[in-house]
Amino acid sequence: MYPVFPSRYTAFADGRLVARGSYADIARALAAVDRPDASVLVFDDATGAPVDAPPRPEHAALLARMSGEAACGGPAPCAAPRPSPGRPRLGVVAREVTLLPRHWDWLAAQPGGASAALRRLVEQARKAAEPADERRRAGERSYKFMSAIAGHQPGFEEAARALFVGERARFEALTAAWPADVAAHARELAAPCWRAPLSNP
14 MYPVFPSRYT
24 AFADGRLVAR
34 GSYADIARAL
44 AAVDRPDASV
54 LVFDDATGAP
64 VDAPPRPEHA
74 ALLARMSGEA
84 ACGGPAPCAA
94 PRPSPGRPRL
104 GVVAREVTLL
114 PRHWDWLAAQ
124 PGGASAALRR
134 LVEQARKAAE
144 PADERRRAGE
154 RSYKFMSAIA
164 GHQPGFEEAA
174 RALFVGERAR
184 FEALTAAWPA
194 DVAAHARELA
204 APCWRAPLSN
214 P
C-alpha cells in the first residue's frame with residue numbers, strides 16, 4: 014500500500030476480474046494482461062467508482078521500486094512530528110455550535126459539562142445511525158460500479174431499482190445474465206443493503 018494510493022482496488026478487463034488489492038497489485042496484474050486492446054476498468058472499493066487514472070502496465074516497475082522507500086516518499090525515515098501541548102493531542106477540535114438557551118442550560122447541568130454531554134450525544138446518534146448509513150453507502154457503491162461497467166447490460170435499470178428498494182432476490186435474478194465476475198462483484202458491494210435494520214427494544 015502506498016501513501017498516494019491508500020485504498021483497495023478491483024480491476025476488470027473486458028468484464029473479467031483480473032486483480033484485487035493495492036494500486037501496485039493492480040499495476041502488476043495489468044502488466045501481465047496479454048491483450049493490449051482489452052477494455053480495462055479499475056474501481057476504488059471504498060466508493061465503487063472507477064479510477065480516473067488507473068495504473069498502466071509501465072507503472073508496475075515504478076511502484077515496485079517505491080516499495081523499498083519510506084512512507085514519507087523518500088529513502089530516509091520520516092521524522093515524527095512534535096506533539097503539540099494540550100487537548101488537541103486527543104483529537105479534540107473546537108468549532109462553533111449554536112443552540113437555544115434551554116439547550117445550553119440542559120447541557121451545562123450534565124456530568125462533565127456541555128462538551129462532554131455533546132460528545133456522548135453525538136456518539137449515541139452515530140452508533141444508532143450506522144446500520145442505515147452503511148446500507149446507504151453500500152447501495153451507492155454498488156450503483157456506481159454497475160453504472161460504469163454494466164450500464165449497457167440487460168435489466169440494468171430494473172436491477173438498479175431493485176437495489177435501492179431492497180429487493181435482493183430480484184436484484185440477483187436481474188444480474189444473473191451479466192458477466193459472472195461483474196455480477197459477483199455487484200452483489201458483493203450490495204451485500205450490506207440486504208441487512209435488516211435493528212429493531213427498537
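Numbering of the sequence shown is given in the numbering used here, commencing with residue 14 and proceeding in unit increments. A virtual CB, placed ideally from N, CA and C, is assigned to each residue, including glycine.
Can you tell which of the options has the C-alpha that lies nearest to the C-alpha of residue i?
{"i": "R150", "options": "E136, A44, L176", "result": "L176"}
{"i": "E153", "options": "P49, A138, R21, G179", "result": "G179"}
{"i": "A107", "options": "A26, D57, S128, A204", "result": "S128"}
{"i": "D27", "options": "R208, A51, K140, M159", "result": "A51"}
{"i": "A197", "options": "R133, E185, D57", "result": "E185"}
{"i": "G61", "options": "A44, L113, V105, A24", "result": "A24"}
Could you give the DSSP three-state label for residue i: helix, strand or coil?
{"i": "P9", "result": "Because the chain is modelled from 14 through 214, residue 9 falls outside the range shown and cannot be assessed."}
{"i": "G34", "result": "strand"}
{"i": "D47", "result": "coil"}
{"i": "T23", "result": "strand"}
{"i": "R108", "result": "coil"}
{"i": "L113", "result": "coil"}
{"i": "V53", "result": "strand"}
{"i": "P144", "result": "helix"}
{"i": "Q166", "result": "coil"}
Can you give the Cα-Cα distance for residue i and residue j, rounded to whole angstroms?
{"i": "T111", "j": "P49", "result": "58 Å"}
{"i": "H116", "j": "Y22", "result": "45 Å"}
{"i": "A163", "j": "Y156", "result": "10 Å"}
{"i": "V53", "j": "A130", "result": "51 Å"}
{"i": "L211", "j": "P144", "result": "Here the model assigns L211 a pLDDT of 43, short of 50, so the residue's position is not dependable, and the following value carries that caveat. Distance between the alpha carbons of L211 and P144: 8 Å."}
{"i": "G168", "j": "L187", "result": "6 Å"}
{"i": "A172", "j": "L134", "result": "38 Å"}
{"i": "D65", "j": "D57", "result": "10 Å"}
If residue i sits next to residue j, beta carbons under 8 Å apart, how far is it from one beta carbon to the other, in whole angstroms?
{"i": "D194", "j": "R41", "result": "Contact doesn't hold; Cβ gap of about 19 Å is too wide."}
Should residue i be flagged as near chain C, meaning a C-beta pair shorter than 8 Å?
{"i": "E170", "result": "Annotation note: the requested chain C is absent from the structure, which comprises a single protein chain."}
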